[in-house]
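What follows is a single structure, written as structure tokens, with notes after it.
Protein chains: 2
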Amino acid sequence: MNVVVLSGGVGGARFVQGVVAAADLVTVVGNVGDDVDVLGLHVSPDLDSILYALAGLNDEERGWGRAGETWRVLESVAALNGETWFRLGDLDLGLHLVRTQGLRAGEPLSLVTRRIAEALGVGTTLVPATDDRLRTWIETVAGEFHFQEWFVSRGHRDDVDGLRFEGADTAAPAPGVLDALEQAGLILIAPSNPYVSIAPILAVGAIRDALAGRTAPCVAVSPLIAGRAVKGPADRMLARLAGGTSPRHVARCYEGLIDALVVDESDDGDLVGLGDVRPIVARTLMVDADARRRLAEAALGAVPA
Amino acid sequence: MNVVVLSGGVGGARFVQGVVAAADLVTVVGNVGDDVDVLGLHVSPDLDSILYALAGLNDEERGWGRAGETWRVLESVAALNGETWFRLGDLDLGLHLVRTQGLRAGEPLSLVTRRIAEALGVGTTLVPATDDRLRTWIETVAGEFHFQEWFVSRGHRDDVDGLRFEGADTAAPAPGVLDALEQAGLILIAPSNPYVSIAPILAVGAIRDALAGRTAPCVAVSPLIAGRAVKGPADRMLARLAGGTSPRHVARCYEGLIDALVVDESDDGDLVGLGDVRPIVARTLMVDADARRRLAEAALGAVPA
Numbered sequence: 443m444n445v446v447v448l449s450g451g452v453g454g455a456r457f458v459q460g461v462v463a464a465a466d467l468v469t470v471v472g473n474v475g476d477d478v479d480v481l482g483l484h485v486s487p488d489l490d491s492i493l494y495a496l497a498g499l500n501d502e503e504r505g506w507g508r509a510g511e512t513w514r515v516l517e518s519v520a521a522l523n524g525e526t527w528f529r530l531g532d533l534d535l536g537l538h539l540v541r542t543q544g545l546r547a548g549e550p551l552s553l554v555t556r557r558i559a560e561a562l563g564v565g566t567t568l569v570p571a572t573d574d575r576l577r578t579w580i581e582t583v584a585g586e587f588h589f590q591e592w593f594v595s596r597g598h599r600d601d602v603d604g605l606r607f608e609g610a611d612t613a614a615p616a617p618g619v620l621d622a623l624e625q626a627g628l629i630l631i632a633p634s635n636p637y638v639s640i641a642p643i644l645a646v647g648a649i650r651d652a653l654a655g656r657t658a659p660c661v662a663v664s665p666l667i668a669g670r671a672v673k674g675p676a677d678r679m680l681a682r683l684a685g686g687t688s689p690r691h692v693a694r695c696y697e698g699l700i701d702a703l704v705v706d707e708s709d710d711g712d713l714v715g716l717g718d719v720r721p722i723v724a725r726t727l728m729v730d731a732d733a734r735r736r737l738a739e740a741a742l743g744a745v746p747a
Numbered sequence: 443m444n445v446v447v448l449s450g451g452v453g454g455a456r457f458v459q460g461v462v463a464a465a466d467l468v469t470v471v472g473n474v475g476d477d478v479d480v481l482g483l484h485v486s487p488d489l490d491s492i493l494y495a496l497a498g499l500n501d502e503e504r505g506w507g508r509a510g511e512t513w514r515v516l517e518s519v520a521a522l523n524g525e526t527w528f529r530l531g532d533l534d535l536g537l538h539l540v541r542t543q544g545l546r547a548g549e550p551l552s553l554v555t556r557r558i559a560e561a562l563g564v565g566t567t568l569v570p571a572t573d574d575r576l577r578t579w580i581e582t583v584a585g586e587f588h589f590q591e592w593f594v595s596r597g598h599r600d601d602v603d604g605l606r607f608e609g610a611d612t613a614a615p616a617p618g619v620l621d622a623l624e625q626a627g628l629i630l631i632a633p634s635n636p637y638v639s640i641a642p643i644l645a646v647g648a649i650r651d652a653l654a655g656r657t658a659p660c661v662a663v664s665p666l667i668a669g670r671a672v673k674g675p676a677d678r679m680l681a682r683l684a685g686g687t688s689p690r691h692v693a694r695c696y697e698g699l700i701d702a703l704v705v706d707e708s709d710d711g712d713l714v715g716l717g718d719v720r721p722i723v724a725r726t727l728m729v730d731a732d733a734r735r736r737l738a739e740a741a742l743g744a745v746p747a
């Protein structure tokens, strides 16, 4: 069975590891709304988190970036009063240099991503949602910020009033995305932040339309455990933008797009208001490879045999 | 007294260290003909050799690049099948990233260079010969190569039949170059390769004209010792392109542009054919800071008091 996963960064990448361990033909559609230009380089944090996780190169302890990373280039940049707000490690920079060189030579992001995945020995297909420029902007009381400025520089401290996906109106799905969705036996939405990780993917009109008109079931995994985000601002955003952090508030982010929602055992007591969305209760904290695989199996098991 | 030094890379940088130790107001005009785009970054090897030497960051033993350098980024690039023929260290890359970002933002090379020099605490004025694109091409029996391809990738093994300085026809001197030459009390030409390090500077018409019409004396330092280059292909190039490796062959590279030539003691026996060019015999091997300073003093002493 073909499985398509829509995924954001670190949490999504962990889930993708589980799916790849539990299923054969997996295509991951990655968020590019948080892509950012740093030191003149095109950085795609979510695609890279997925690549590093699938290649086994990710730093499990730190939770982001590469294992055994060093920071020599940024030391040098700092001494030259250069841009250091976004922490790019040396190994990571190698990838950004190769990617940026490919993009400047006219290669689309999807092709560069494929080349890099191949070089890293990643067999799973990873496709950016779009090859076009799509950037997430965060509207807050303190003003509108590019996603990474809000997330990294401001430590996502400002309450979010809204989001804007610059370029989404005209963005086309990257080659392979629509075919994958059409041929999918199951579509999964990773336990990523619905607003900043998944919404930018769904902001590409043709992807949203394909999901709304799906023939395969679509199962989302809630990123909340007992109404709290494991990491990051998802719970605060849901509380403010959706009015709460119950499963129904998560489901509402994907209204008309999902058939089931995997929720954590701890949220078992509040399964009202889900309408047509079938709840699947599982342990969702991905503490290790086994936990990742079990969560993936719970989501994969949602398909009627 | 204002001293202007025309300089190439590593050997020139060592000489510049000596001049800065021996004189007060020094302006260095650096070669940019061997600038090269690597991994999408603008690399200016000669400017950087001078900056690193003056900042005390250069690797004395290896002879190029930075002391304490590491190579993590290139390891990562290699794993991605990226471009690794030009050895860029991690600390070095920090500078190339900052420079390239400045250039892409529209800053001229001279301004970026000044910013970097300031950040490194380099008080000496370093100006690229030109802010315009100027690239050295090497004509050989095996074909024409960009300088770095010939020098690095092919290990300068191909005999050189000629040189071409792409962009020189329209290149203007960088801001400050002509003023410095006009106000100079002495102009020095570093013991760099006359063909690949100094000629690209002189290929900028206005710089050559300023040198030809100079009021200050101009003293060149021969890069040869006993008719041999300390390092690199200068001797082979002189033998083939000038017909020999005696002081007069070096002097001929600067015909009409110099008043004196500092030659090594070992070349003392072959001082014929120098015409108006006064020979100054000195020990030219720059084994340490003292030797660099003494060589600079020999060149500085060429000025009639």
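Chains as they are written, first to last, in my numbering: chain A, 443 to 747; chain B, 443 to 747. Each residue gets a CB set at the ideal place from its N, CA and C atoms; glycine is no exception.
Continuous beta strand (DSSP E) stretch holding residue i: start and end
{"i": "L630/A", "result": "628-631"}
{"i": "D706/A", "result": "702-706"}
{"i": "E586/B", "result": "585-588"}
{"i": "E608/A", "result": "602-608"}
{"i": "S449/B", "result": "444-449"}
{"i": "V569/B", "result": "567-570"}
{"i": "A662/B", "result": "660-663"}
{"i": "D479/B", "result": "478-480"}
{"i": "I580/A", "result": "577-582"}
Same chain, Cβ closer than 6 Å to residue i, five either side skipped, listed in chain order
{"i": "D600/B", "result": "T582, A584"}
{"i": "L551/B", "result": "P570, D573"}
{"i": "N444/A", "result": "L467, Q625, A626, G627"}
{"i": "R694/A", "result": "A684"}
{"i": "A455/B", "result": "S491, I492, A495"}
{"i": "L653/A", "result": "L699"}
{"i": "M679/A", "result": "V602, Y637"}
Sequence-distant residues of the same chain with beta carbon closer than 8 Å to residue i, five excluded per side
{"i": "R508/B", "result": "Y494, L499, N500, D501, G531, L533, D534"}
{"i": "E586/B", "result": "W579, I580, R606"}
{"i": "E388/A", "result": "This structure does not reach residue 388/A, given that chain A is present from 443 up to 747, and the question cannot be answered."}
{"i": "D730/B", "result": "none"}
{"i": "F589/B", "result": "G475, D476, V478, R577, T578, W579, I580, V638"}
{"i": "A747/A", "result": "For A747/A, the predicted model reports a pLDDT of 49, less than 50, meaning its position is unreliable and no value from the coordinates is stated."}
Within 9 Å, strictly: CB atoms of residue i and residue j
{"i": "D488/A", "j": "S639/A", "result": "yes"}
{"i": "V462/A", "j": "A571/A", "result": "no"}
{"i": "G475/A", "j": "A645/A", "result": "yes"}
{"i": "G669/A", "j": "D709/A", "result": "yes"}
{"i": "E707/B", "j": "T687/B", "result": "no"}
{"i": "S486/A", "j": "T555/A", "result": "yes"}
{"i": "W513/A", "j": "S595/A", "result": "no"}
{"i": "P642/B", "j": "N473/B", "result": "yes"}
{"i": "G460/B", "j": "W506/B", "result": "no"}
{"i": "V692/B", "j": "V515/A", "result": "no"}
Candidates the options, of which the one nearest residue i by Cα
{"i": "N635/A", "options": "R514/A, T612/A, G674/A, A681/A", "result": "G674/A"}
{"i": "H484/B", "options": "L680/B, L545/B, V692/B, D732/B", "result": "L545/B"}
{"i": "V446/B", "options": "L620/B, E511/B, R456/B, A671/B", "result": "L620/B"}
{"i": "D479/A", "options": "L680/A, T512/A, L576/A, T567/A", "result": "L576/A"}
{"i": "R650/A", "options": "A676/A, Y696/A, T512/A, L666/A", "result": "Y696/A"}
{"i": "T469/B", "options": "V602/B, M728/B, V564/B, E549/B", "result": "V564/B"}
{"i": "L568/A", "options": "H588/A, G548/A, A622/A, G524/A", "result": "A622/A"}
{"i": "G401/A", "options": "G524/A, E511/A, E525/A", "result": "With chain A represented from 443 up to 747, any question about residue 401/A goes unanswered, as that position is not in the structure."}
Close Cβ partners of residue i (< 7 Å) along its chain, the five nearest in sequence each way excluded
{"i": "A648/A", "result": "A614, P615, L620"}
{"i": "A671/A", "result": "P665, D677"}
{"i": "V723/A", "result": "V705, E707, D710"}
{"i": "P689/A", "result": "S664, L703, V705, D709, D712, L713, L716, P721"}
{"i": "A740/A", "result": "V704, I722, A724"}
{"i": "I667/B", "result": "D706, S708, T726, L727"}
{"i": "T566/A", "result": "V462, V468, V470, L496"}
Residue range of the unbroken alpha helix (DSSP H) whose run includes residue i
{"i": "A465/A", "result": "Where A465/A is concerned, there is no enclosing alpha helix (DSSP H), given that its DSSP letter is neither H nor E."}
{"i": "P689/A", "result": "689-695"}
{"i": "H538/B", "result": "532-546"}
{"i": "I558/A", "result": "551-561"}
{"i": "V485/B", "result": "That residue, V485/B, is in no alpha helix (DSSP H); its beta strand (DSSP E) goes 483-485."}
{"i": "R650/B", "result": "647-654"}
Check: residue i C-beta below 8 Å from any heavy atom of the ligand COA
{"i": "L496/A", "result": "Among the components modelled here there is no ligand, and therefore nothing to report on the ligand COA."}
*Does the stretch 514-522 of chain B come close enough to the stretch 534-544 of chain A to have 3 or more Cβ pairs within less than 8 Å?*
yes
*Report yes or no: do the stretch 626-639 of chain B and the stretch 558-574 of chain B share at least 3 C-beta pairs separated by less than 8 Å?*
no
*asked:* Can you confirm whether the stretch 732-744 of chain A touches the stretch 706-718 of chain A when touching is taken to mean that 3 or more C-beta pairs between the two stretches lie within less than 8 Å?
replied: no
*Inter-stretch contact (C-beta, 8 Å, three-pair minimum) for the stretch 685-703 of chain B and the stretch 654-669 of chain B*: yes
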